[in-house]
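Here's the structure, in structure tokens; my notes come after.
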Amino acid sequence: MEDLYYSRKLDQHFPTRLDILLYAHDGRGLGHASRSIAIGMAIRRLYPQLRVLFVSGAAISQSLIGNSGLDWIKLPSYASRITDGVSSGTDGPANFYKSVLGQHRKTLLAHIITSFRPKCVLVDHSPLGKRKELLDALEVSKQYDTKWILGMRAVIGTQKDFWSDELRDTFLTYYHSILWYGDSTATGPEPVNRIISHFGRKPIETGYVSRLYETKLLSGSSEKSYAGTISIPWLSSKSRSFLNNLHSALQKRNKDEIWRIFIHSNEIHTTQTLFSDLPNCIIEPVGERYSDAILNSTIAIIYGGYNSLMDTFAADIPAIVIMRELKDREQELHLEQLLQHAPDKMTVIAESSAEIDAINLAITHQLKVKSCKSTIDIRGSANSADYLSKHIRQDPAAKKDSQVTVKDKFLPEAINIPAKIKKGVTRWNQCSETIRDINPQLLQGPVLDFGCGVGYYVLEGLRRGMDIHGIDQLPGKIKRYRKLITHTASPTEWKNRCLVGDGLTLPFVSEYFDLVTSWWVFEHIISPGAAIREMVRVTRPGGVIVIRAQDGRTDWEGHCKIPWVPYLSDRLRQVWIEEFGKSPSRYEGVYEISQPEVISIFETLGCRTVVKAEQAPPMTADCRNLCTEEDVRLLARRIKTELDKGEWKPRKDGLYVYAKKCG
856 MEDLYYSRKL DQHFPTRLDI LLYAHDGRGL GHASRSIAIG MAIRRLYPQL RVLFVSGAAI
916 SQSLIGNSGL DWIKLPSYAS RITDGVSSGT DGPANFYKSV LGQHRKTLLA HIITSFRPKC
976 VLVDHSPLGK RKELLDALEV SKQYDTKWIL GMRAVIGTQK DFWSDELRDT FLTYYHSILW
1036 YGDSTATGPE PVNRIISHFG RKPIETGYVS RLYETKLLSG SSEKSYAGTI SIPWLSSKSR
1096 SFLNNLHSAL QKRNKDEIWR IFIHSNEIHT TQTLFSDLPN CIIEPVGERY SDAILNSTIA
1156 IIYGGYNSLM DTFAADIPAI VIMRELKDRE QELHLEQLLQ HAPDKMTVIA ESSAEIDAIN
1216 LAITHQLKVK SCKSTIDIRG SANSADYLSK HIRQDPAAKK DSQVTVKDKF LPEAINIPAK
1276 IKKGVTRWNQ CSETIRDINP QLLQGPVLDF GCGVGYYVLE GLRRGMDIHG IDQLPGKIKR
1336 YRKLITHTAS PTEWKNRCLV GDGLTLPFVS EYFDLVTSWW VFEHIISPGA AIREMVRVTR
1396 PGGVIVIRAQ DGRTDWEGHC KIPWVPYLSD RLRQVWIEEF GKSPSRYEGV YEISQPEVIS
1456 IFETLGCRTV VKAEQAPPMT ADCRNLCTEE DVRLLARRIK TELDKGEWKP RKDGLYVYAK
1516 KCG
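Residue numbers for the sequence shown follow this note's numbering, so the first one is 856 and each next one is one higher.
Written out as structure tokens, the structure is:
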């Protein structure tokens, strides 16, 4: 199917592919749907020309979308119940048994991918989706070069399923990158470090995602018309007791205080009956009116999930947080971190301790709080929209210029540099020596150099009589390679040995090459799992794939040429680079990939590591101890002094893996 539809009536072409698909599985609360919808709202606001759809079974979605203009596809819904703090699935409104419903949803999602062929899919929380319903969609999307991106909330508790090897392997096989909906200045580095440790990938820090932040931009100014908004989007076994105590607490208060109480639709009638003697309490189902209520409230009483917490930050109002006692401790962990950052903003009461007097005392205290402005970054929806748009926009000016524009680089003396050609010789010597120890016959078959650049390595292989090809996504590099062939008086037919191509869809048949190599390229690839999968595809069984790159854990950064601390946040990394007198732009397009991550990807794809760098590169410092700009500056200045005196010497260890394709 073509990517453009031609209208003869209008004599105009129209795109047929979806730009961005947002997926959220049905959660017991609002968080999954609310975050995805917030990002969809930001896309509609900032990039109205993009084609975007939201897909979910969460019945509340239409109310959350409101009049933002975001369109969506409704899947038949799951339902869940909470027993002793543990959520479990049950039959949904369509009355299908959950496993049967799961198969129907799985088929529907695969059909959505086939029909809309999205360029990018943003998945909230789980790489496999609810009950692994995204598996078929992930597989079918390969033919459309769809980029899958995982969105993760700020703090994720001890859920075994999420931190499983299966989810990690799924991510490494199919996913492009991670958006982390948090602010490390508030949470500290631990959540990000945990993601890095498990998934082997540093996430992009967006700031917190808040649907209310987007709604606030649409609605404009507000007045504090209500004493407070109370949000109970889903009920646990102890919620009924809390509602009874809340009713008794509000009975004791001034009847001029107007309270808006939003509760799950299944409990509307029961709750209205309970509060029937309090005309100042307005009972409503969770929905579109909630945003207006909280923006016009003096305080909020909420259950402490990600979504509700961020609502209070977006509304700039103090909150009473009722902490559910769930076994994964996710809410508790998050609140502990936020309280350190904004102690005056929140009063926290455990659900089991929410007695009448405790509730009343907390209300009285919070109503007296004068200001609740916070420095926590809640622009995650807009930042996520910016990130997604960069991957699907067709504007050539938005892409990196693939043509080298500096004229000197096209001069013969700039291309035919002896040192560069010698580097190609050195790489061939290193590679061939190792390959002879593995299987010398591999040097007799066809070879592919992945990310060949100007082609010095390919040129040396051709001079040795090898059947070698190169591929690089930058046309300017391939033009320079062809000039290199001319200026070295090499055979003209060698010009066709290097091609322009995307590493995610190599233009070669499967199982063709005996040897596939990549030299110092993978630190520039944002989706290493997809790239390695293609390298494995074109390698015959028994063949070898070689990857050498900058290991993200090293204590030396080769692009900036400075000592290095890995896994810093974007903000702190910029401070570090500037302290050494270098421009942060030198690090643009560099991603921190590590040898364990590469080996894990190979193993997932059925390959066996036969040679690797044995010793992990040293770290300059533990990034977990660097939480502020001042911490980073002090360490950078100390190491710079030691470097200038010759007392600090880096070990420029790199990522070094030879993997054999089994079969």
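All residues carry an ideal CB built from backbone N, CA and C; glycine is no exception.
The beta strand (DSSP E) with I1515 in it runs from where to where? In the sequence as presented, Ile is not what sits at residue 1515; that position holds Lys. From DSSP, the beta strand (DSSP E) with K1515 extends over L1510 to K1516.
Give me, in chain order, the residues of the same chain whose beta-carbon lies closer than 6 Å to that of Y860; leave out the 5 immediate sequence neighbours on both sides. F869 and T871
Taking Cβ positions, are P1301 and D1322 nearer each other than 7 Å? yes
If I follow the unbroken beta strand (DSSP E) through F1117, where does it start and stop? W1114 to I1118
Would you report the Cα separation of V995 and I1033, rounded to the nearest angstrom? 21 Å
Can you tell me whether P1396 is buried or exposed, with buried defined as 16 or more other CB within 10 angstroms of its CB? exposed
Which ranges does the alpha helix (DSSP H) cover as unbroken runs of at least 4 residues, wholly within the segment 1442–1488, from first to last along the chain? 1450–1459
Could you tell me if L956 is buried or exposed, where buried requires 16 or more neighbouring beta carbons within 10 angstroms of its beta carbon? buried
Do you know how far the Cα of I1231 is from the Cα of D1147? 22 Å
N-terminal and C-terminal residue of the alpha helix (DSSP H) that M1549 is part of: An answer regarding residue 1549 cannot be provided, because it is not within the stretch 856 to 1518 covered by the chain.
Suppose the cutoff is 7 Å on Cβ atoms and the five residues either side in sequence are ignored; what does the same chain contact list for P1251 look like? Because P1251 carries a pLDDT of 36, less than 50, the predicted location of this residue cannot be relied on, and no value is offered for it.
May I ask you to report which of helix, strand or coil DSSP gives T871? coil
Extent of the continuous beta strand (DSSP E) to which R1023 belongs: Not the beta strand (DSSP E): R1023 falls in the alpha helix (DSSP H), residues D1020 to Y1029.
Limits of the unbroken alpha helix (DSSP H) element including S1236: G1235 to I1247
Could you please give the first and the last residue of the uninterrupted beta strand (DSSP E) stretch that includes A1082? Y1081 to I1087
Is L1005 helix, strand or coil by DSSP? strand
Identify every run of the beta strand (DSSP E) within the segment 922–999, keeping only runs that are complete inside it and at least 3 residues long; order them along the chain. 927–929, 934–938, 941–945 and 975–979
In the DSSP output, which residue or residues are listed as bridge partners for F909? L877 and W927
Spatial neighbours of I1233 within its chain, please: C-beta separation below 7 Å, excluding the five flanking residues on both sides. G1062, Y1063, S1065, Y1068, M1165, F1168 and A1169
Quick one: give me the first and last residue of the alpha helix (DSSP H) that E1434 is part of. D1425 to E1434
Cβ distance (whole Å) where R960 is taken to contact P931 below 8 Å: 7 Å
Grab me the residues of K985's own chain with a C-beta within less than 7 Å of its C-beta, minus the 5 sequence neighbours each way, in chain order. H880, D881 and Y933
Among residues of its own chain, excluding the 5 on either side of E1437, which ones have a beta-carbon nearer than 8 Å to its beta-carbon? Checking the sequence, you will find Lys at residue 1437 rather than Glu. Same-chain partners within the cutoff: C1415, K1416 and I1417.
Are I1448 and G1407 close, meaning C-beta to C-beta below 7 Å? yes
Alpha carbons only, please: which of G1043, L989 and Y1030 is nearest the one belonging to A841? Not covered by the structure: residue 841. The range shown for the chain is 856 to 1518.
Distance check for S1094 and K1057, CA to CA, integer angstroms please. 38 Å
Just the C-alpha distance for E1206 and V1420, rounded to the nearest angstrom, thanks. 42 Å
Please report the distance separating the alpha-carbon of V1430 from that of G1509. 24 Å
Per-residue DSSP class, three states only, for I1123: helix
Return yes when the Cβ of T1372 is within less than 7 Å of the Cβ of D1304, no when it is not. yes
According to DSSP, M1201 sits in a beta bridge with which residue or residues? A1174
Going by DSSP in three states, T1394 sits in which element: helix, strand or coil? strand
Roughly how many whole angstroms lie between the Cα atoms of I875 and I1059? 18 Å
Rounded separation between Q1405 and Y1422 - CA only: 14 Å
Note down, in chain order, each residue of its chain lying with its Cβ closer than 7 Å to the Cβ of K1254, except the 5 sequence neighbours on either side. Because K1254 sits at a pLDDT of 38, beneath the cut-off of 50, its placement in the model cannot be relied upon, and the following sentence gives the value as read from the coordinates. Answer for K1254: no residue qualifies.
Let me check understanding here. Comparing Cα to Cα, which of I1087, D1425, L1370 and I1454 lies closest to V1487? D1425
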